[in-house]
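Note that this note's numbering has the sequence shown beginning at 4, numbered continuously upward. Written below as C-alpha cells is the structure these notes are about.
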Amino acid sequence: MALNCGILGLPNVGKSTIFSALCSTPADAANYPFSTVKAEVGVINVPDPRLDKLTAIFSPDRTIPATVEFVDIAGLVKGASRGEGLGNQFLSHIRDAAVYAHVVRCFENSDVIHVNEKIDPASDIETIDIELALADMQTLAKRKERAEKALKNPNEKKLSEFVLTILNDKISPALENAQPIRSLGLNDEEKAAIYDCHFITAKPQLYVCNVDEHGIKSGNAWTEAVKKRAQIEGTEAVLICGKFESDLCGIEDPEEKKAFLDDLGLEETGLSALIHSAYRLLGLRTFFTTGKDECRAWTFHAGDTAPKAAGVIHTDFEKGFIKAEVYTCDDIFLYGTEAKIKEAGKYRLEGREYIVKDGDVMFFKFNI
C-alpha cells in the first residue's frame, strides 16, 4: 500500500525544488512559470528509525522500507479550471493523488519571481482553493446530469435520488463558496455514493510552508498565518526550506547529516515531517515483519484487523488467516531477542478480531 501525494501550488513557490530534494534527483526548477510542464513522479522511502533498529538486531539479507509516491504537479494559476496555464492537464494529476501537499511561498527573494508579484500566502491559498472548487463544480455538473438521466431507470432511481440530494443540498452550496468538500463531514454512506466523482477538494490536504534559511526553525509571520489557517481547517502545516533540504540531500554520511540537524535544533528534516504528516492525514500506520531474509515495513490503515493487515502482504494471507504472532517494536528494543520477549510474557497470539497497532512486529499463520 503506497501513499500517493501530489505536490501543488502556484508557479515559483518551490514545488520542484522540494520534489527534487525528496527524490534526491534533479527536477526542473527555474525562475519562470510553468518550468514543470508535465507531472514528475518519484517513489521515496519512508524514514523510520524503528526499521533501522530492527535491521541492526536481526541483520537481515535485505531491508525494505515503506514507500511514498510523490507527484510534482506543475503550477496552477487563476483560470486553471478553464484551461489557463495548461490547467486542465495539471488538474487531472491532482485527481489521481490520495492526498495533496499545498506548497505556499513564505519567503522574500527579489531574485525569484512571484507570479502575483507579492508574497501573500492567504491570497495564494485562496487562488488555489477557488480553482479547485471550480474544477469540482464542472465534475458536479456532469455527475448531476448522469444522476438525472438514471432517475428513469427503476433499478437506479433510489440511488440517483440519494446522489442528487447530496450534490444539490451539500456539495453545490459548498463549492459555490469555495468551501472544500472534505470540510462537510459527509458520512460513509454519502462518501460511497459520490466516490465515482473523485472530487479534488474531498481529498485530504496539508500545507507546506516553503521558507528561507532564517525561517527553518521558528518560521515567520507568513508561516504563522498558514499554521493558523491549517488549525482552523483541522489539518497540518509543515515548514520546509527547499534550498536547505537540497543541500542536506548532498550529505551521504548519516552521522554528519544528524550533526547538521542537531546544530539547527531540528529532530528531523522537513521532508521527513512532510511524509509523516501525510501518513497521519490518511490514517496510515506501520507494522513490521522480521527475519534473516528481510526486515520490512508495511503500511496499513488505522483500525485494520489482523487479517486485513495480512492482506497487505498477500491476498492469500487474508483469505486463509489463522492467527498472528505479535510483539511490539518496544519489546524487541528492550529485550533484544524474541526468546527473551517470550520469557517476559510479551509474545502474543492474536486472532481475527485483533486490531493491529502501529509498531507491531507480526508473523502470520495462514492456510490456503
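Where is the CB? At the ideal position from N, CA and C, for every residue including glycine.
When you compare the CB positions of residue i and residue j, do they come within less than 7 Å of one another, or not?
i      : j      : result
Leu187 : Cys212 : no
Leu11  : Val71  : no
Ile278 : Val49  : yes
Thr204 : Leu135 : yes
Cys8   : Ala276 : no
Tyr338 : Ala327 : no
Cys200 : Thr292 : no
Gly286 : Lys220 : no
Thr20  : Gly245 : yes
Ala313 : Val359 : no
Lys260 : Ile254 : yes
Since residue i and residue j are thought to touch, with beta carbons under 8 Å apart, how far apart are those beta carbons, to the nearest angstrom?
i      : j      : result
Cys298 : Leu57  : 5 Å
Glu193 : Ile169 : 5 Å
Thr130 : Leu13  : 7 Å
Asp99  : Phe22  : The pair is not a contact, with the Cβ atoms about 16 Å apart (cut-off 8 Å).
Phe263 : Glu216 : Wrong, their Cβ atoms sit about 13 Å apart, outside the cutoff.
Val102 : Leu284 : 6 Å
So which of the options has the shortest CA-CA distance to residue i?
i      : options                           : result
Val329 : Arg355, Ala125, Asp363 and Gly222 : Asp363
Ala196 : Ala150, Gln182 and Arg232         : Ala150
Glu179 : Leu167, Lys152 and Met140         : Met140
Arg355 : Ala262, Ile131 and Thr308         : Thr308
Thr331 : Lys349, Ile316 and Ala342         : Lys349
Arg232 : Asp256, Asp132, Arg98 and Leu143  : Asp132
Glu111 : Asp199, Asp99, Pro50 and Pro124   : Pro124
Ile128 : Lys121, Ser113, Lys145 and Val107 : Val107
Glu341 : Phe366, Tyr357, Val359 and Thr142 : Phe366
Gly294 : Arg65, His105 and Phe22           : Arg65
Cys109 : Asp172, Val315 and Lys18          : Lys18
Val214 : Ala59, Arg283, Asp256 and Ala240  : Ala240
Ala177 : Phe202, Asp265, Asp266 and Lys121 : Phe202
Asp55  : Asn190, Gly218, Pro257 and Ala101 : Pro257
Pro63  : Lys121, Thr272 and Asp296         : Asp296
Ala305 : Asp361, Glu270 and Asp265         : Asp361
Thr272 : Asp250, Leu284 and Arg283         : Asp250
Glu236 : Ala144, Pro183 and Asp191         : Pro183
Glu43  : Ala144, Leu189 and Ile97          : Ile97
Residues in the same chain with beta-carbon distance under 6 Å from residue i, minus the five sequence neighbours each way, listed in chain order, please.
i      : result
Phe369 : Phe320, Gly323, Phe324 and Ile325
Leu89  : At Leu89, the pLDDT of 43 sits below 50, so the modelled position is not reliable; the number obtained from the coordinates is stated separately. Within the same chain, Leu89 has no close Cβ partners at all.
Trp225 : Cys109 and Pro124
Which residues in the same chain have their Cβ closer than 8 Å to the Cβ of residue i, if we skip the five residues on either side of it in sequence?
i      : result
Ile371 : Asp319, Lys322 and Gly323
Asp51  : Pro68, Ala69, Thr289 and Ala300
Arg185 : Thr204, Ala205, Lys206, Pro207 and Gln208
Ala153 : Glu159, Lys160, Leu162 and Ser163
Arg146 : Val166, Leu170, Ile197, Asp199 and Cys200
Ala228 : Pro124 and Ala125
Glu270 : Leu264
What residues in its chain sit with their C-beta under 7 Å from that of residue i, if we drop five residues either side in the sequence?
i      : result
Leu25  : Gly45, Ile47, Phe73 and Leu274
Asp334 : Ile344 and Lys349
Pro29  : The predicted model places Pro29 with a pLDDT of 41, which falls under 50 and marks its position as unreliable; any figure quoted below should be read in that light. Hits under 7 Å: Ser23.
Who pairs with residue i in a beta bridge, going by DSSP?
i      : result
Ser71  : Residue identity check: residue 71 is Val in the sequence provided, not Ser. Paired residue(s): Leu6 and Ile47.
Ser290 : Before going on, a small fix: residue 290 reads as Phe here, not Ser. Trp301.
Arg351 : Val329
Tyr282 : DSSP output for Tyr282 lists no bridge partner at all.
Ile358 : Thr308
His105 : Leu11 and Tyr210
Ile243 : Asn213
Phe61  : DSSP lists no partner for Phe61.
Lys231 : Answer is none; Lys231 lacks a bridge partner.
Return yes when the C-beta of residue i is under 6 Å from any heavy atom of the ligand GDP, and no when it is not.
i      : result
Leu187 : Absent from the structure shown: the ligand GDP. Ligands present: none.
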